[in-house]
Amino acid sequence: MTEDKFALPIHWNDYEDIAMSLYEKFGDDFNESKIYRIRFTELLEWVLSLPNFAGTREEANEGHLEQIQSAWVYEWRDNQ
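Quick note, this note's numbering runs 10 ahead of the 1-based positions in the sequence shown.
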């Protein structure tokens, strides 16, 4: 994935944008069941490492991570 210097920053509530970025990064390496088995500690690190992500570790909560997982599953399903 290439970083776009003109892209808008992504925040914790941008679940769909985060899910699309994760799908672009990992593709079909993660299917639905694997996505739901990802540890939140790992998911947190992956989200923080995304280009243009502007959120902080301190702003993260379990609800955000659950929403990101669900959105990622829908993104994966849409691309099957």
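Here a beta-carbon is modelled for each residue, glycine too, at the ideal position from N, C-alpha and C.
The structure displayed is predicted, hence computed values, not measured ones.
Checking 9 Å against the spacing of the C-beta atoms, do Ile20 and Ala81 come in under that value? Not a contact, by the Cβ cut-off of 9 Å.
Check each candidate in Asp24, Gly37 and Asn23 and name the one with the smallest Cα separation from Arg87. Minimum Cα distance to Arg87 is reached at Gly37.
Throw me the rounded Cβ distance for the Leu75 and Phe50 pair, which I believe falls under 8 Å. Going by Cβ atoms, the distance from Leu75 to Phe50 rounds to 5 Å, so yes, they are a contact pair.
Candidates Leu53, Asn89 and Arg47: which alpha carbon is nearest Tyr25's? The option with the nearest alpha carbon to Tyr25 is Leu53.
Kindly list the residues whose CB is nearer than 6 Å to the CB of Val83, restricted to its own chain and excluding five residues on each side of it in sequence; keep chain order. Residues of the same chain with a CB within less than 6 Å of the CB of Val83, apart from the 5 flanking positions on each side, are Glu42 and Ile45 in chain order.
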